[in-house]
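Chains as they are written, first to last, in UniProt numbering: chain A, 1 to 356; chain B, 1 to 356. The beta carbon of each residue, even a glycine, is placed where N, CA and C say it ideally should be. All values derive from a computational prediction rather than experimental measurement. To start, the structure under review is shown below, and the notes come after it.
There are 2 protein chains.
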Amino acid sequence: MLGMTNYPDNGGHTLTGIRDLARHLDISIGTVSRALNNKPDVNQDTKSKVLKAAAELGYVPNQAGRALSKGRTNVIGFVLQTDSEGMMQGDLFFIRVFDGMQSVLTQHGLNLVALLSPSTVDPETYLKQIVARRFTDALVLSSIHRNDARISYLSDQNLPFATLGRSLTDVGQPWLDLDFDGVVEDAIHRLIAKGHRKIALALPRSDLNLRHIMVESYRRNLARSGIEVNEDFIVETDAGDNGGVTLVHDLIELNPRPTAVIYSDHILPFGIYRGLAENGLTPGQDLSLIGVGTRLASLLTPNLSHYRFNLFDLGVRIAEALLPTMQDRPFSDPAKIIRESVPYTFIDGDSIRDMA
Amino acid sequence: MLGMTNYPDNGGHTLTGIRDLARHLDISIGTVSRALNNKPDVNQDTKSKVLKAAAELGYVPNQAGRALSKGRTNVIGFVLQTDSEGMMQGDLFFIRVFDGMQSVLTQHGLNLVALLSPSTVDPETYLKQIVARRFTDALVLSSIHRNDARISYLSDQNLPFATLGRSLTDVGQPWLDLDFDGVVEDAIHRLIAKGHRKIALALPRSDLNLRHIMVESYRRNLARSGIEVNEDFIVETDAGDNGGVTLVHDLIELNPRPTAVIYSDHILPFGIYRGLAENGLTPGQDLSLIGVGTRLASLLTPNLSHYRFNLFDLGVRIAEALLPTMQDRPFSDPAKIIRESVPYTFIDGDSIRDMA
DNA sequence: TTGTACGCGTTATCAT
DNA sequence: ATGATAACGCGTACAA
């Protein structure tokens, strides 16, 4: 068993370990380790010799060994729900965010992996597994719910984490969020400025916290403008384009009929456009639309007025929020916990009718 | 240091290890381990006792310890390029594939993680890191190039892997692919059946292997139909909708002008529709379109004739291809290596004009 | 059937 | 500055 991997033998090609390095240089593994880890108490000469040999032999520390010894894995996990119906679901959303996170994490020797909570498994069960296995040093949770047991669980387990989204379950963890509150506020003011009074709000069915943020912002800002809330105008929709189609069906049956709708799912307008067309109606004319979008929005005609977020920057901030929560890092500063919403950018289009 | 994690102390809440379990039950850790791993030589009674206690105390084996001891991690990595301009980047491509993979892998106690090759790091360098650290038991590579050094590298390193896409660099690894060859073939025959003779082919700029598959299929099937290839009809395009717009500009300047175009980027037609409109032309009338699509295609009017793939099934097959390559699994069958293209489904639309 | 003891690759402590 | 050696948590031959 000695010196053997469990992988098929490839005839001599074997992984270089720290003891191979030591033997090769005829020094002790302790010295090699210190050299590799850039410890102060090691001769400059031997240090460079070790580094050189390591590079030549292609030495890379074994993950498991290091993790076991250090008690840390240097792995950061981003938990994704494959069945998530959260807004912004989609590859390009996360890939951008990941890239932003990576750009920060790699500078600290940390490695980002996406953990894919299977749709067949309870999210909390899945989470418990990866936590108990000590698979990662820290986690990022997404698809945050209004009340989210995962948050208190992670807190109990004492695993550093941040959330992408807020929650009523608050253990003082850092969070980042997209400024949906601001989106709804701005949208309402834009619509009102163009003479709209009957403004609908499309909400995701699930208990994602963003739903509550949106509805609260909706009520608050309508009230501030002296417009009474018509509860019928607050409608639930399925995610995706099909949700948009049924949304249109729902909206046009209302009496009075809303003249505009605000939404958070960037795919929704595709269905809305389709649903309107099916009813002989024109987007931006018979129904005004405004909500969160991505570059996919540019595929729609007439142009969609929408809000975008800089996802790369979001990723950067998530990483920056995470780092201080991980102790025994030199740059740690537990005092200030990042909690902020990243700002939106408004992209003007032709999907808001001027009612004047 | 004993019994201490590197995480901040949370006052008593400590992770259950195998030795805690042993002490709790007053038996040896060896027995506990055997019980947990369902070894044959352990008393049924003690086994159930151990399992019960494990469940109660929430025991989950430590990843690093297990990996170090077994030489396996039970982690499968899917390598993603964050800057990939591969086709299919876009909404839910990977998430669907992941879900399909998970559905198989979890049954074998394997865990899928997405490894995100940062855009700031050379993909091969990144790959070498995760391989050498023995982070995963197996890998799936995507964005496969015509000649792909990563393939021979993984083969040399003797790490089980499969590729999503074929390559000239062939070390006998299992691969899955979307049947672009079949798409082009079917598209050509459909077009010819409707009287088209001047058929253009839109290719991605990068050296992804799918590009070569498409062009070969294009030549072969045109030849089979006795149509001579006009080299001007084979055009490179940027990815995304903007690529579609410039594609139209390119095509309408050709003399003779093609009557149809085949493409692989599912976003492209959106740009094509736009580009045609800008020139006062009608999709399906002045230029026929057919290619790979996703559910986004349903947003286009006139309806787009296109091909779709079942991404979940693709994921399932990838997992099934991977499993046999990983040795010392009971279900391993190294003899048959899965290499197949997943079939397309044709969705009929109105984007192909009948020239008769 | 169960317990003991060693090894996995690395880091850290304690001598030297 | 360097070498030996004990952890880290788990699996497993081997002994009992």
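Using a CB distance below 8 Å, the part of the segment 289-302 of chain B facing chain A consists of R295, L296, S298, L299, T301, ordered along the chain. The CB of S119/B comes closer than 9 Å to the CB of D99, Q102, S103 in chain A, given here in chain order.
In this structure, G293/B and H266/B form a Cβ contact; the two beta carbons are roughly 5 Å apart against a cut-off of 8 Å. Listed along the chain, the chain A residues whose CB falls inside 7 Å of the CB of V60/B are Q129, A132, R133. With a cutoff of 9 Å on beta-carbon distance, I290/A and R317/A are scored as not near each other.
Listed along chain A, the residues sitting closer than 7 Å to G65/B by beta-carbon distance are L68. Counting along the chain, no alpha helix (DSSP H) covers A202/B; the unbroken beta strand (DSSP E) around it starts and ends at 199-204.
Neighbours of V113/A across chain B, judged by C-beta separation under 7 Å: V113, A114, L115.
Check the Cα spacing between R257/A and each of L268/A, L68/A, V235/A, F270/A: the tightest is with V235/A. By the neighbour-count criterion, in which 16 or more other beta carbons inside 10 Å mark a residue as buried, R23/A falls on the exposed side. Taking the Cα positions, L314/B is about 21 Å away from L168/B. The Cβ of F161/B sits no closer than 9 Å to any Cβ of chain A. F233/B has a beta carbon lying at 9 Å or more from every beta carbon in chain A.
When secondary structure is reduced to three states using DSSP, V171/B falls in the coil class, being assigned neither helix nor strand. In the structure shown, R166/A adopts coil according to DSSP, grouped into three states. Residue V97/A holds the alpha-carbon nearest to the alpha-carbon of S119/B among R134/A, V42/A, V97/A, I130/A.
The segment 56-112 of chain B is shown to contain whole beta strand (DSSP E) runs of 3 or more residues at 75-81, in chain order.
Flagged as an interface residue toward chain A: D241/B, by a C-beta distance shorter than 9 Å. A Cβ-Cβ contact shorter than 9 Å links R211/A with L203/A. Within the segment 213-238 of chain B, no residue has a Cβ lying closer than 8 Å to any Cβ of chain A.
A check of alpha carbon separations from R134/B across T73/B, G349/B, V113/B identifies T73/B as the nearest. Annotation: the continuous beta strand (DSSP E) that includes F309/A extends over 306-309. Judged by DSSP secondary structure, V215/A falls outside any beta strand (DSSP E) and instead within the alpha helix (DSSP H) spanning 209-224. If the five residues before and after L110/A are omitted, its C-beta is found closer than 6 Å to the C-beta atoms of N74, I76, all from its own chain and listed in chain order. Nearest neighbour of E278/B by Cα position, chosen from T246/B, R295/B, L268/B, turns out to be T246/B.
Per DSSP, the beta-bridge partners of E236/A are L203/A. Residue burial annotation: N37/B is exposed, with fewer than 16 other C-beta atoms found within 10 angstroms of its C-beta. In this structure, Y344/A lies away from G240/A, with their beta-carbon atoms at least 9 Å apart.
Taken through DSSP and simplified to helix, strand or coil, F135/A comes out as coil.
The Cβ-Cβ distance between P160/B and D137/B falls below 9 Å.
CA-to-CA, the gap between D20/A and L112/A works out to about 29 Å.
By the 16-neighbour rule on beta-carbons within 10 angstroms, N255/A is exposed. The beta carbon of F180/B does not come within 9 Å of any beta carbon belonging to chain A, so the residue lies off that interface. For the segment 263-287 of chain A, residues whose beta-carbon sits nearer than 8 Å to a beta-carbon of chain B comprise I267, F270, Y273, R274, A277.
Sequence-distant Cβ neighbours of V215/B in its own chain, meaning closer than 7 Å and more than five residues away, are L201, L203, I234. Just so you know, the alpha carbons of A67/A and N310/B end up roughly 39 Å apart.
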